[in-house]
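Undergrad: If you scroll down you'll find the structure; I have some questions about it.
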């Protein structure tokens, strides 16, 4: 299965919305690096970056997510809402 930029953006979005843990996103990325075909080298590089996000020396900041999304052709938006 070919991994697309939309799939990578969806993973990052789910992580930022706390719908996906860092561990789960890293596991997904590692699996894709091992088995996946990629839409482009940009997609491959983004997935590879996500695959090392659980290593303390690399981590994954908001700025990292924003940059990855931008490289994939997306933009991150923040919405502030009243807590329930």
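Residue numbers (our numbering): 451 to 534.
For every residue, glycine included, the Cβ atom is placed at its ideal position computed from N, Cα and C.
1) Just to check my reading of the structure: residue 455 and residue 523 have Cβ atoms closer than 8 Å, yes? What is that Cβ distance to the nearest angstrom?
2) Is it a yes or a no for the segment 507 to 526 touching the segment 463 to 475, going by three-plus beta-carbon pairs under 8 Å?
3) What is the rounded straight-line gap between the Cα of residue 476 and the Cα of residue 529?
4) Sort 499, 503, 533 and 453 by Cα distance to residue 487 and report the nearest one.
5) Throw me the rounded Cβ distance for the residue 526 and residue 515 pair, which I believe falls under 8 Å.
6) How far does the alpha helix (DSSP H) with residue 476 in it extend, from its first residue to its last?
TA: Well, looking at it:
1) Separation of the CB atoms of residue 455 and residue 523 is rounded to 6 Å, and the pair is thereby assigned contact status at 8 Å.
2) yes
3) 25 Å
4) 453
5) 7 Å
6) 472 to 485
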